[in-house]
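So the number in our numbering is just where the residue sits in the sequence shown, counting from 1, plus 1. Cβ coordinates follow ideal geometry from the N, Cα and C atoms, glycine included. Just below is one structure, and these are the notes that go with it.
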Amino acid sequence: MKKKKYSADFGGKKLSVEISDLAEQANGSVLVRYGETTVFAAAVMSKHKREGLDYFPLTVDYEEKFYAAGQILGSRFMRREGRPSEEAILASRLIDRTIRPLFNKKIRNEVQVIVLALSIDDKNDPDIPAVIAASLALGISDIPWGGPVGAARIGCLEVQPPNMEFVANPYFEEREKSKLNIVVCGRDGKINMIEAGAGEAGEDIVIGAMGKAVDEIKKIQKFQEDIIKEIGKEKLGVEIKEDPEGMKSLFNEEFLSKINEIIFGGEMGGLNDLKSEWLKAVEESIGEGNNLPADDLFEEKISEIIHKEIIEKEKRPDGRKIDELRPVFADAGILPIVHGSGVFYRGGTHILSVVTLGGPKDGQLIEGMEVQTTKRFLHHYNFPPFSTGETGRMGGTGRREIGHGALAEKALSAVIPSKDDFPYTIRVVSESMASNGSTSQGSVCASTMALMDAGVPIKNPVAGIAIGLMLGNEKNYKILTDIQGPEDHHGDMDFKVA
């Protein structure tokens, strides 16, 4: 077995890396240890492009292995791993959101990153080592990627009121005492992913935690860069086809003014008709087989126009000021029989939330690798296809639904009364009835209404909103309040805050 070992101080604890031929057929693989928590990551890219795709086919899978906890888990009838737990799905999304922005989105070769949690101690969460392992597996591989990235979890402990101390990668017991649990990922002093939960922490604490995280990320980025410089493979070239000759001039001459009129004329639905007209014109003027580059050009032009108008003129597609909310509406107690219900509208985003109360025995039994407990507050989120005016399959809960449900649950959990004050089990279900921007944060608002309607003595009402960014450069940008469809899709940030 060929093996190279590296180590670094990370948050006052030893992080060690082993790179070997254990998974020699992967493009890149690495074993990362933090304490006795051990994760393995492998990155693979297909040798051939998937023709006909209009998106970058990246898959990230984080898998928990029951043996990692040194226990035989699972049901009595199924003593092996089945579908991923909610914690595993959230870890997959955490890694995905961190690494995806650093790929060229025009790549059409399939890329898969698999992270396996192989052993877990009782102090260190595997998700931070998992992000670092995924980054390093990609970094030492020949897969074209703009990393490496660092990741850090920051806690905030009250040493002596009102003095606060930031702790990097706190142990589980420290996290229970912390006013803040924030995971920050990024590179070069910049942040590209944040996941946070807090007990109503102030801005000074949140900003201070981000600064502490950036300092730790710089160290772990440098550590990875040194390893990549020593043993990393040469990156493969990305084959990006040039647009067919005459396509851009055809668009600029015949469609540029039309697309501007539709975007800022309040009829965004007309873009689909215009796209069909554009694709037909390309087929007639340039030839068949150019639908994908024509589609890409169409979307790029929409993005360029929206960026230019907002950055230069503060002109948004729906005519709002950059700090202006869409119209809001709320109602409560709209359903009979159920214990509590609430409706919340923000523009074209409409959410119905329903509360059910149960006894202490109705809580959810959590039997995971890291935590074994009973959960008494649950928030679940559903996104039926009719909410976007489309048809689609109904059935199992997808990663997106689990992720969005967890976002709202994290926002609301800080205000849920203690078991001593309110011993009931609380389940909230949010249904996305119409979607045009941040249904997860609409769920926070609707759920607050429903909880109050059910008589749950929450400590404070909670509101959530999505904040966007249009970036020209580091000195020329605009922050957008309450983003919707095109600002979300073509913007440079979707920052959900509750």
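**Request:** Quick one: grab the DSSP three-state call for phenylalanine 330.
**Result:** Position 329 of the sequence shown, counting from 1, holds the residue named residue 330. The answer is strand: DSSP assigns phenylalanine 330 an E or B state.
**Prompt:** So who's on the other strand from phenylalanine 67, going by DSSP bridges?
**Reply:** As a position in the sequence shown, residue 67 is number 66, starting the count at 1. Bridge partners of phenylalanine 67: none, in fact.
**Request:** To the nearest angstrom, report how far apart asparagine 164 and leucine 16 are at their CA atoms.
**Result:** Within the sequence shown, numbered from 1, the residue matching residue 164 stands at position 163. Within the sequence shown, numbered from 1, the residue matching residue 16 stands at position 15. If I take the Cα positions, the gap works out to 29 Å.
**Request:** Counting only the same chain and skipping the five closest in sequence on each side, list residues whose C-beta sits under 7 Å from that of asparagine 105.
**Result:** Reading the sequence shown from its first residue, position 104 is the one you call residue 105. Pro145, Val239.
**Message:** Using only CA atoms, which one of Asp297, Ser179, Gly247 lies nearest to aspartate 285?
**Reply:** Translated into the one-based positions of the sequence shown, residue 285 becomes position 284. In the sequence as presented, aspartate is not what sits at residue 285; that position holds glutamate. Of Asp297, Ser179, Gly247, the residue nearest in Cα terms is Gly247.
**Asked** Around the C-beta of arginine 84, are 16 or more other C-beta atoms found within 10 angstroms, so that it is buried, or is it exposed?
**Response** Within the sequence shown, residue 84 is the residue found at index 83, counting from 1. Arginine 84 is exposed by the Cβ-count criterion.
**Asked** At what residues does the alpha helix (DSSP H) containing serine 441 begin and finish?
**Response** Residue numbering aside, residue 441 sits at position 440 when the sequence shown is read from its first letter. Residues 440-454.
**Request:** Since I believe isoleucine 307 is in contact with proline 318 (beta carbons under 8 Å), could you give me their beta-carbon distance rounded to a whole number of angstroms?
**Result:** Start at 1 with the first residue of the sequence shown, and residue 318 comes out as number 317. Start at 1 with the first residue of the sequence shown, and residue 307 comes out as number 306. Confirmed, about 7 Å.
**Item:** Nearest neighbour of tyrosine 35, chosen from Ala43, Lys14, Ile20, Phe41 [CA to CA]
**Value:** Numbered from 1 along the sequence shown, position 34 holds the residue referred to as residue 35. For the residues Ala43, Lys14, Ile20, Phe41, the minimum Cα distance to tyrosine 35 belongs to Lys14.
**Message:** In this structure, how does DSSP classify arginine 34 when only helix, strand and coil are distinguished?
**Reply:** To locate residue 34, count along the sequence shown from 1; it is residue 33. Looking at arginine 34 - three-state DSSP - the assignment turns out to be strand.
**Message:** Can you tell me whether aspartate 296 is helix, strand or coil according to DSSP?
**Reply:** The residue given as residue 296 occupies position 295 in the sequence shown. Looking at aspartate 296 - three-state DSSP - the assignment turns out to be helix.
**Option nearest threonine 38 by Cα separation, candidates Ile192, Asp123, Thr389, Asp55** = Counted from its first residue, the sequence shown places residue 38 at position 37. Threonine 38 has its Cα closest to that of Asp123, out of Ile192, Asp123, Thr389, Asp55.
**Message:** What would DSSP say about glutamine 485, mapped onto helix, strand or coil?
**Reply:** Within the sequence shown, the letter at position 484 stands for residue 485. In the structure shown, glutamine 485 sits in coil (DSSP, three-state: anything other than H, G, I, E or B).
**Message:** My assumption, with CB atoms under 8 Å, is that proline 130 sits in contact with asparagine 193. Please give the rounded CB distance.
**Reply:** By 1-based counting over the sequence shown, the position of residue 130 is 129. By 1-based counting over the sequence shown, the position of residue 193 is 192. Not a contact, Cβ separation roughly 18 Å.
**Prompt:** In chain order, which beta strand (DSSP E) runs of at least 3 residues are fully inside the stretch 6-55?
**Reply:** 14-21, 29-35, 38-50
**Asked** With aspartate 483 and leucine 326 assumed to form a contact (beta carbons below 8 Å), what rounded beta-carbon distance in angstroms separates them?
**Response** Position 482 of the sequence shown holds residue 483. Position 325 of the sequence shown holds residue 326. With 8 Å as the limit, aspartate 483 and leucine 326 qualify as a contact, their Cβ atoms being about 5 Å apart.
**Item:** C-beta contact flag for glycine 438 and glutamine 485 at 8 Å
**Value:** Taking the sequence shown and counting its residues from 1, the one referred to as residue 438 is at position 437. Taking the sequence shown and counting its residues from 1, the one referred to as residue 485 is at position 484. For glycine 438 and glutamine 485, yes; Cβs fall inside 8 Å.
**Asked** Looking at the unbroken alpha helix (DSSP H) that takes in phenylalanine 224, where does it start and where does it end?
**Response** The count along the sequence shown starts at 1 and reaches residue 224 at position 223. Looking at the DSSP string, the run of the alpha helix (DSSP H) that includes phenylalanine 224 is 204-232.
**Item:** Inter-residue spacing [alpha-carbon to alpha-carbon] between valine 116 and isoleucine 20
**Value:** Residue numbering aside, residue 116 sits at position 115 when the sequence shown is read from its first letter. Residue numbering aside, residue 20 sits at position 19 when the sequence shown is read from its first letter. So the two alpha carbons sit approximately 14 Å from each other.
**Message:** I need the straight-line Cα distance from asparagine 125 to histidine 380, nearest angstrom please.
**Reply:** By one-based count along the sequence shown, residue 125 stands at place 124. By one-based count along the sequence shown, residue 380 stands at place 379. Their backbone Cα atoms lie some 26 Å apart in a straight line.
**Item:** CB of alanine 333 within 8 Å of CB of glycine 348, strictly
**Value:** Position 332 of the sequence shown holds residue 333. Position 347 of the sequence shown holds residue 348. Contact flag unset, no.
**Request:** Report the rounded CA-to-CA distance for proline 245 versus valine 112, giving the unit in angstroms.
**Result:** For the purposes of this step, residue 245 is identified with residue 244 of the sequence shown, where counting begins at 1. For the purposes of this step, residue 112 is identified with residue 111 of the sequence shown, where counting begins at 1. Rounded to the nearest angstrom, the two C-alpha atoms are 27 Å apart.
**Request:** Tell me, to the nearest whole angstrom, how far the beta carbon of valine 40 is from that of alanine 138; I am working on the premise that it is less than 8 Å.
**Result:** Reading the sequence shown from its first residue, position 39 is the one you call residue 40. Reading the sequence shown from its first residue, position 137 is the one you call residue 138. In fact, because the Cβ distance is near 10 Å, the residues do not count as touching under 8 Å.
**Request:** Mark phenylalanine 173 as exposed unless 16 or more other C-beta atoms lie within 10 angstroms of its C-beta, in which case mark it buried.
**Result:** As a position in the sequence shown, residue 173 is number 172, starting the count at 1. Exposed, because fewer than 16 other Cβ atoms sit within 10 Å of the Cβ of phenylalanine 173.
**Message:** Three or more C-beta pairs under 8 Å: does that hold for the stretch 380-400 against the stretch 467-477?
**Reply:** no
**Request:** Just the C-alpha distance for alanine 295 and alanine 197, rounded to the nearest angstrom, thanks.
**Result:** Indexing the sequence shown from 1 puts residue 295 at position 294. Indexing the sequence shown from 1 puts residue 197 at position 196. Each residue's Cα considered, the two are about 39 Å apart.
**Asked** Whose C-alpha, out of Asp10, Ala9, Val18, Ala24, is nearest the C-alpha of methionine 2?
**Response** Position 1 of the sequence shown, counted from the start, is the residue given in the question as residue 2. Ranking the options by Cα distance to methionine 2, first place goes to Ala24.
**Item:** glycine 290 at chain B interface by Cβ criterion, 8 Å
**Value:** In the displayed structure, chain B is absent; only one protein chain is listed.
**Request:** Taking all protein chains shown into account, decide if asparagine 110 is buried (16 or more other Cβ within 10 angstroms of its Cβ) or exposed.
**Result:** Mapped onto the sequence shown, residue 110 falls at position 109. Its Cβ being crowded by 16 or more others within 10 Å, asparagine 110 is buried.
**Prompt:** Run through DSSP, which three-state label would alanine 275 get?
**Reply:** For the purposes of this step, residue 275 is identified with residue 274 of the sequence shown, where counting begins at 1. According to the sequence displayed, residue 275 carries leucine and not alanine. Three-state DSSP puts leucine 275 in a helix.
**Message:** Can you tell me whether serine 286 is helix, strand or coil according to DSSP?
**Reply:** Here residue 286 refers to the residue found at position 285 when the sequence shown is read from its first residue. Reduced to three states, the DSSP call for serine 286 is helix.
**Message:** Going residue by residue through the stretch 63-147, where are the continuous alpha helix (DSSP H) segments of at least 4 residues, counting only ones entirely within it?
**Reply:** 87-100, 128-141
**Message:** Which residue marks the beginning of the beta strand (DSSP E) containing serine 342, and which one marks its end?
**Reply:** Position 341 of the sequence shown holds residue 342. Start and end: 341-347.
**Prompt:** In terms of residue numbering, what span does the alpha helix (DSSP H) encompassing alanine 499 cover?
**Reply:** Taking the first residue of the sequence shown as position 1, residue 499 is located at position 498. Where alanine 499 is concerned, there is no enclosing alpha helix (DSSP H), given that its DSSP letter is neither H nor E.
**Prompt:** Roughly how many angstroms separate the alpha carbons of glutamate 226 and alanine 9, rounded to a whole number?
**Reply:** If you number the sequence shown from 1, residue 226 lands on position 225. If you number the sequence shown from 1, residue 9 lands on position 8. Near 12 Å, if we compare the C-alpha coordinates of alanine 9 and glutamate 226.
**Item:** For glutamate 315, three-class secondary structure by DSSP
**Value:** Here residue 315 is taken as the residue at index 314 of the sequence shown, counted from 1. The answer is coil: DSSP assigns glutamate 315 none of H, G, I, E or B.
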